[in-house]
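Peer 1: Sharing a structure here in structure tokens format.
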């Protein structure tokens, strides 16, 4: 096992980060050349390609203290104390910053600037992973500029964003760019089989259906309900007979997304709450929270509530992406393009919709879905936006 | 793991270690207290990513081991135990604390997820605990509190042979304190920038020992760690990186006038007069022979003035200060009499303390304060 195991289909990136981690060891040993190591990195890649996973793996490799290193081993063994605590998120020098909110403001970033000025606790590197660098407000980005350009000698910034354009130009120009690609379907399927023991047929279906988004593929492959909700979403194009059924279909789509979000957050919330209560001593004799700690639990609950809101939005967006993939398949059939369908399992419906319209209709429908996503992003009530989309899909 | 230990010894150690547990743990395991039984020693540690605390106590160790338990809960339990030997033993994922007829079973936390504690640096020397705590308190008062320039939130510690100099500034005032210590090796020279808040807390937490050891890591980059040890209790703190302003040059070479005022009446007068000073407006001090006049407020607004006895050598001077910064300095000099030296009303003034009106001022502690420019 190594820290890179969770990165799928990113061989080029892994090679780059590996050599940087080796270079970083050289820097620690006092070598002049940095050997591909630098103080600011920008990880970009489509959702589910593993931006944050790559950043965490790199952080772990920088903190690796494996005894094999002195025997010529590569940093990033995956089981030494440094790697383990980095990957579980408890290492003192690996700070993973993510947000449940829609943006990261100036106040939060000021604190980051202060932390970035500290020296590492373990005498190696202090790594700050900013998972949602695309959510930095402009003001917050400006606060970070100085700290990213000239951090303390042992501080390393790792920013993650979907694409280079999502980072402020001034931040972009201060970082070394690491571009992750959409993992190939075969690689995702292979990982599902290898790591989660999923049977080949299901693995390849899940990998294809989710277009290389690893987290979603795993979910789809392991969760029966997630599959049935997806089927619900893909059934929508055939349920747009009259205006009434459009409304009903829109409602079902929004409900499915909400149910999806609820399941994801409920699982996570329960685990987090349990861990925190345990650590605070609430699960000891008496089962009460020690005095003065109720606030911490309350804070966690607030954070979870905010996350639930965001997850719901994200799930709806993903459902709309699935719907776009369906119409992409329709277009593929209409144009007779020799590429595999994303949604092979609903081929009959794809064919039916393809016969009923022209490629121009299909393109208009894809436009309508995009418009709906943008509307939701601009805070239009989700149900309204989806209803409007359903009506446009029906008209073609 | 299994060990027996005296109740008071355990309760003290747990209470002290639990003090540095983070109030808002960034990850749940940080709310845990690490117990390590090894040989004849039980080591208790806590860590909040910036400060680590560690204490070793004697214990009868039957089985060696390493566990993590909720620090708050353990502290609450130890505080209320009867005065009998305490036996602690693990049973699977649970740990049992038995004392007399009282028995507690608590869950353990995943010890493999607990972050590695920083190592204690080695190069060291010692100083009396109360001297150190007082010096830190005097200097930390001038450290910056905003995060725009992180290095200003720190206290700079300079060690040169047997002299230690502490300095802090927030751009508007600068506090410098020197004291003597006993370095372990002659000719030791080292520099560190320690976050002011944690330094202040640490210094206070270690005052119970007679003397405390200070340990600084070498000059190598990235080994920024300072350690303190007193009566078997050790803490480490992460250092700030960054260039501290060259503060020595800020002290003026000579003084055009030197005023001496009794501190207590001066403090009272500043507090009274500044009642009418709105936020960010100054109090004006006018020194003439034998007299100091304080004024605040202007124009149509409320005004106040008060006169005090003061002695002055040199030119008469009128100068204005932010009242909060002035009061901070007057309380930090911690002396019955305050001496202020001025060059001009637009240049910084230097405040020092002395035991009585006729004594010679000491340079042990100096508080430099920027005046507020008066318009018109």
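Chains as they are written, first to last, in this note's numbering: chain A, -5 to 390; chain B, 44 to 419.
C-beta: ideal position from N, C-alpha, C; glycine also.
1) Using the rule of at least 16 other Cβ atoms within 10 Å of the residue's Cβ for burial, across every protein chain shown, is residue 396(A) buried or exposed?
2) Given that a residue counts as buried once 16 or more other Cβ atoms are within 10 Å of its Cβ, and exposed if not, what is residue 218(A)?
3) Can you find a C-beta in chain B that's less than 8 Å from the C-beta of residue 105(A)?
4) Kindly say whether residue 354(A), judged by its beta-carbon, lies nearer than 8 Å to any beta-carbon of chain B.
5) Taking the alpha carbon of residue 172(B) as the point to measure from, which residue in 65(B), 283(B), 272(B), 328(B) has its own alpha carbon closest?
6) Can you give the Cα-Cα distance for residue 204(B) and residue 179(B), rounded to whole angstroms?
7) Anything in chain A within Cβ reach of residue 282(B), meaning under 8 Å, just list it in chain order.
8) In chain B, which residues lie less than 9 Å from residue 139(A) when you measure between Cβ atoms?
9) May I have the straight-line CA-CA distance separating residue 354(B) from residue 99(B), to the nearest angstrom?
10) Could you tell me which residues DSSP puts in a beta bridge with residue 352(B)?
11) At the 8 Å Cβ level, is residue 269(A) part of the contact set with chain B, yes or no?
12) What is the DSSP secondary structure of residue 10(A), reduced to helix, strand or coil?
13) Please list, in chain order, the chain B residues whose beta carbon lies closer than 8 Å to that of residue 263(A).
14) Could you tell me if the beta carbon of residue 334(B) falls within a distance shorter than 7 Å of some heavy atom in the ligand MN?
15) Is residue 222(A) buried or exposed, if buried means 16 or more other CB atoms sit within 10 Å of its CB?
16) Residue 161(B) and residue 95(B): beta carbons closer than 8 Å?
17) What are the start and end residues of the beta strand (DSSP E) that includes residue 80(A)?
18) In chain B, which residues lie less than 7 Å from residue 274(A) when you measure between Cβ atoms?
19) Is there contact here, the region 312 to 324 of chain B with the region 234 to 244 of chain B, by at least three beta-carbon pairs under 8 Å?
20) Is the Cβ of residue 182(A) closer than 8 Å to any Cβ of chain B?
21) Just the C-alpha distance for residue 48(B) and residue 54(B), rounded to the nearest angstrom, thanks.
22) According to a CB-to-CB cut-off of less than 9 Å, which residues of the region 176 to 190 of chain B neighbour chain A?
23) Please list the partners that residue 285(B) has in chain A, where partner means a Cβ-to-Cβ separation under 8 Å.
24) Could you tell me which residues DSSP pairs with residue 130(A) in its beta bridges?
25) Could you round the C-beta distance between residue 50(B) and residue 146(B) to whole angstroms and report it? I think they count as a contact, below 8 Å.
26) Thinking C-beta only, is residue 193(B) closer than 8 Å to residue 179(A)?
27) Quickly, what does DSSP pair residue 216(B) with across the bridge? List them, please.
28) Counting only the same chain and skipping the five closest in sequence on each side, list residues whose C-beta sits under 7 Å from that of residue 386(B).
29) With 16 other CB atoms within 10 Å as the buried threshold, where does residue -5(A) fall?
30) Measuring only the C-alpha atoms, how far is residue 57(B) from residue 73(B)?
31) What are the uninterrupted segments assigned as alpha helix (DSSP H) that are 4 or more residues long and contained completely in the region 157 to 237 of chain A, given in chain order?
32) Taking only beta-carbon positions, decide if residue -3(A) is within less than 8 Å of chain B.
33) Cutting at 7 Å between CB atoms, please list the residues of its own chain near residue 336(B), excluding the five before and the five after it.
34) Just curious, the beta strand (DSSP E) that residue 363(B) is in, first and last residue?
35) Residues of chain A with a CB under 8 Å from the CB of residue 196(B): which are they?
36) Return the residues of the region 44 to 72 of chain B that lie within a Cβ-Cβ distance of less than 9 Å from chain A, sorted by chain order.
Peer 2: Taking the structure as given:
1) The structure shown has nothing for residue 396(A), since chain A only spans -5 to 390.
2) Label assigned to residue 218(A): exposed.
3) It does; some Cβ of chain B falls within 8 Å.
4) So, not an interface residue.
5) Closest option to residue 172(B), Cα to Cα, is 272(B).
6) Straight across, the Cα-Cα distance linking residue 204(B) with residue 179(B) is about 19 Å.
7) Neighbours of residue 282(B) on chain A, chain order: 112, 113.
8) Chain B residues near residue 139(A): none, gap ~12 Å exceeds 9 Å.
9) Inter-residue distance for residue 354(B) and residue 99(B) is about 55 Å (C-alpha atoms, whole angstroms).
10) Under the DSSP definition of a beta bridge, residue 352(B) partners with 334(B).
11) Residue 269(A) counts as touching chain B.
12) Secondary structure of residue 10(A) (DSSP, three-state): helix.
13) Neighbours of residue 263(A) on chain B: none; closest Cβ ~14 Å, over 8 Å.
14) Summarising the ligand content, the structure contains no ligands, and the ligand MN is consequently not present.
15) Counting Cβ neighbours within 10 Å, residue 222(A) comes out exposed, since fewer than 16 surround it.
16) Yes, these two residues count as a Cβ contact at 8 Å.
17) Note, residue 80(A): premise wrong, no beta strand (DSSP E); alpha helix (DSSP H) at 75 to 82.
18) Those are 74, 113, 115, listed as they occur along chain B.
19) Short answer: they don't touch.
20) It does not: the Cβ of residue 182(A) has no partner Cβ on chain B nearer than 8 Å.
21) About 10 Å.
22) Near chain A, meaning a CB-to-CB distance below 9 Å, the residues of the region 176 to 190 of chain B are 189, 190.
23) The answer, in chain order, is 111, 146.
24) Looking at the DSSP output, residue 130(A) sits in a beta bridge with 98(A).
25) In fact, because the Cβ distance is near 14 Å, the residues do not count as touching under 8 Å.
26) No, the Cβ-Cβ distance between residue 179(A) and residue 193(B) is not below 8 Å.
27) Residue 216(B) is bridged to 412(B).
28) Excluding positions up to five away in sequence, the list reads 295, 298, 299.
29) Classification for residue -5(A): exposed.
30) Distance from the CA atom of residue 57(B) to the CA atom of residue 73(B), rounded to whole angstroms, is 15 Å.
31) The region 157 to 237 of chain A contains these whole alpha helix (DSSP H) runs: 163 to 166, 179 to 190, 194 to 203, 208 to 216, 218 to 229.
32) Chain B, which has no Cβ nearer than 8 Å to the Cβ of residue -3(A), makes this no.
33) 329, 348, 350.
34) Where residue 363(B) is concerned, the enclosing beta strand (DSSP E) stretches over 360 to 364.
35) Neighbours of residue 196(B) on chain A, chain order: 108.
36) If the cut-off is 9 Å between Cβ atoms, the region 44 to 72 of chain B has 66, 67, 68, 69, 70, 71, 72 near chain A.
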